[in-house]
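Contents: one structure, followed by commentary.
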Amino acid sequence: MNDVLNQMLNYVNVYMLILARCIGLFIASPVFGRKNLPNIFKLGFSIILAYIVLPFIDISNLEYMSFLQILFLAIKELIIGLVIGFVAFIVFSTFFLAGSFIDRDLGFSMANVVDPQYGFQVPITGNFIYIIATLIFLIINGHHYLIKALVNSFYIIPINSNINLDASILKFMIDIFDYIFIMAIKISIPITIIILSTNLILGILARTMPQMNVFVVGMPIKVILGLVIVSIVFPYYEPIMETMFKDMYKFIFNITKIIQG
401 MNDVLNQMLN YVNVYMLILA RCIGLFIASP VFGRKNLPNI FKLGFSIILA YIVLPFIDIS
461 NLEYMSFLQI LFLAIKELII GLVIGFVAFI VFSTFFLAGS FIDRDLGFSM ANVVDPQYGF
521 QVPITGNFIY IIATLIFLII NGHHYLIKAL VNSFYIIPIN SNINLDASIL KFMIDIFDYI
581 FIMAIKISIP ITIIILSTNL ILGILARTMP QMNVFVVGMP IKVILGLVIV SIVFPYYEPI
641 METMFKDMYK FIFNITKIIQ G
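Quick look at the structure:
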């Protein structure tokens, strides 16, 4: 342990670069970046993680650097950490998108709530699905794999290397947005089909019995039916979420390979 401390003191510039990438992850990632986690916890965890990673980093070309070199490299490392965390957050935003589809069908679209963890409005059902997905993510030790993805990024993108910014990043973003849209539809499709069938039945009733106020009768029916269907199909969401978390690590690996200099 003393050897590692001495190495950290001797190569404090390298340690600060590693710390910058770790901080970027803990700022933007979906689990570690929540506002209810104190900033001192995020900083402390980043310091510990950088301390663990330091002995495994090749520092042969980083012994002598000027202040400006360290500054620009620290900005680059922070951006890489933010990109990794942002990709993970995009995958998690699938649950918000699926919730917005479900809330639109149930009539909850106007009842969005402000999520204090991220500071913007989220659908009610989407927030519920997001919380359950976070619990499943922690149960299957997904946060361990997220940290592992960050550590592996140091081997793919060394801290003394350049980053590549070209059109392939745009293609990657199109692919990942296409992915979350498809997964959001898969999550919301059972409720969408049931509510659509209910609307068709109510439409037929409105034509056959004009004296019945379909709007007054239909709204509570759709809400109750939608909540029942959500409770029935929710256990089947677990394998979908686990698949999404596995795909999240693939996306992180792909983006690190793309921006590899």
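Each residue of the sequence shown is one higher than the last, beginning at 401 in my numbering. Heads up, the beta-carbon is just placed ideally off N, CA and C, and yes, glycines get one too.
If you follow the alpha helix (DSSP H) that residue i is part of, which residue opens it and which one closes it?
i           : result
residue 504 : 467-506
residue 442 : 439-453
residue 530 : 524-539
residue 427 : 412-428
residue 556 : 542-556
Please classify residue i: does DSSP put it in a helix, a strand, or coil?
i           : result
residue 580 : helix
residue 563 : strand
Tell me the rounded alpha-carbon separation between residue i and residue j.
i           : j           : result
residue 425 : residue 538 : 17 Å
residue 530 : residue 490 : 12 Å
residue 474 : residue 453 : 16 Å
residue 554 : residue 429 : 17 Å
residue 418 : residue 527 : 33 Å
residue 450 : residue 560 : 16 Å
residue 477 : residue 500 : 35 Å
residue 580 : residue 656 : 19 Å
residue 533 : residue 435 : 18 Å
residue 637 : residue 583 : 11 Å
residue 507 : residue 613 : 17 Å
residue 608 : residue 597 : 17 Å
residue 619 : residue 633 : 21 Å
residue 439 : residue 483 : 19 Å
residue 623 : residue 651 : 36 Å
residue 488 : residue 433 : 11 Å
Can you round the beta-carbon distance between residue i and residue j to whole angstroms, since I take them to be within the 8 Å contact cut?
i           : j           : result
residue 591 : residue 629 : 5 Å
residue 625 : residue 594 : 6 Å
residue 422 : residue 550 : 7 Å
residue 640 : residue 586 : 6 Å
residue 457 : residue 414 : 7 Å
residue 660 : residue 564 : 6 Å
residue 420 : residue 481 : 7 Å
residue 543 : residue 431 : 5 Å
Inset, instruction - Would you list, in sequence order, the uninterrupted alpha helix (DSSP H) runs of no fewer than 4 residues that lie entirely inside the stretch 588-644? - result: 614-633
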